[in-house]
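Trainee: Heads up: the sequence shown begins at 115 in the working numbering, then just goes up one per residue. Glycine is no exception: its CB is placed at the ideal position from the N, C-alpha and C atoms. If you scroll down you'll find the structure; I have some questions about it.
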Amino acid sequence: MDALKERILREGQNLGRGILKIDSFLNHQLDAALMEEVGAEIAAQFAATKPTRILTAEVSGIVPAVMAARALGNIPTVYARKHKPITMMEPVFVDAAPSHTKGGEVMLMVSPEFLHADDRVLIVDDFLASGKTIDALARIVKNSGATLVGIAAVVEKSFENGRNALAYWNVPIMAAATITDMSDGKIELA
115 MDALKERILR EGQNLGRGIL KIDSFLNHQL DAALMEEVGA EIAAQFAATK PTRILTAEVS
175 GIVPAVMAAR ALGNIPTVYA RKHKPITMME PVFVDAAPSH TKGGEVMLMV SPEFLHADDR
235 VLIVDDFLAS GKTIDALARI VKNSGATLVG IAAVVEKSFE NGRNALAYWN VPIMAAATIT
295 DMSDGKIELA
């Protein structure tokens, strides 16, 4: 997606240690039109897999996931919570993933009310880096009995090898933009 790549190059900041700051259009402030384009691209790539539900992790994955869900005919979007609200009744599907930007590990929780064994689930997240967060989401899908049909990310950092780490799920994986190198302060796109 050219518009996304242009924004990454124009506004993205390489903070070192593989951290890309794109807060001006995704991770803090949102560009709805750009995210709508990203959602449409994801939907076009995965329409044939016939997803019935999209799963993401809070917070930054929510908007691209909702936009993809809308483009797929308004299928439900579920986001894994990082903190259990009092309204979430036990038992819940839960898994852990390390957080690159927060440091430490985060718990991801999904209520069985919103993830069913007959669902066909597309995972959509903001970043595909090491793949650990998406892997935790995929394990939640598996534990629910649902079928994982694909994985999509707004931005992939291919140098962190997340795609390879997720290959064992044997589903299509796509990214709207792929960064191939962030060494020496640069941002290089595929």
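1) Do you know how far the Cα of Arg234 is from the Cα of Gly126?
2) Determine the direct distance from the alpha carbon of Ser225 to that of Met202, and round the result to whole angstroms.
3) If you check the beta carbons only, do Ile156 and Ala266 fall under 7 Å apart?
4) Do you know offhand how far Ala158's Cα is from Asn188's?
5) Thinking C-beta only, is Met149 closer than 7 Å to Pro178?
6) Do Val238 and Ala146 count as a contact pair if the criterion is CB distance below 7 Å?
7) With a cut-off of 8 Å on the beta carbons, I'd call Met221 and Lys246 a contact; round off their distance for me.
8) Determine the extent of the beta strand (DSSP E) in which Leu169 is found, giving its start and end residues.
9) Do Val263 and Leu303 come within 7 Å of each other at the CB atom, strictly closer than that value?
10) With H, G and I counted as helix, E and B as strand and the rest as coil, what does DSSP make of Glu270?
11) To which residues does DSSP link Leu236 through a beta bridge?
12) Quick one: complete beta strand (DSSP E) runs, 3+ long, within the segment 143-206?
Mentor: The relevant details are as follows:
1) Straight-line spacing of the CA atoms in Gly126 and Arg234 works out to 34 Å.
2) For Met202 and Ser225, the distance between alpha carbons rounds to 7 Å.
3) In this structure, Ala266 lies closer than 7 Å to Ile156 by Cβ.
4) Rounded to the nearest whole angstrom, the C-alpha separation of Ala158 and Asn188 is 14 Å.
5) Inclusion of Pro178 and Met149 in the CB contact set at 7 Å is warranted, their separation being smaller than that value.
6) Val238 sits away from Ala146, with the two beta carbons spaced by 7 Å or more.
7) Between Met221 and Lys246 a beta carbon distance of about 13 Å is seen, past the 8 Å cut, so the two are scored as non-contacting.
8) Start and end: 167-171.
9) Cβ distance not < 7 Å, so Leu303 and Val263 don't count as in contact.
10) The answer is strand: DSSP assigns Glu270 an E or B state.
11) In DSSP, Leu236 forms a bridge with Ile168, Gly264.
12) With a minimum length of 3 residues, the unbroken runs of beta strand (DSSP E) contained wholly in the segment 143-206 fall at 167-171, 191-194.
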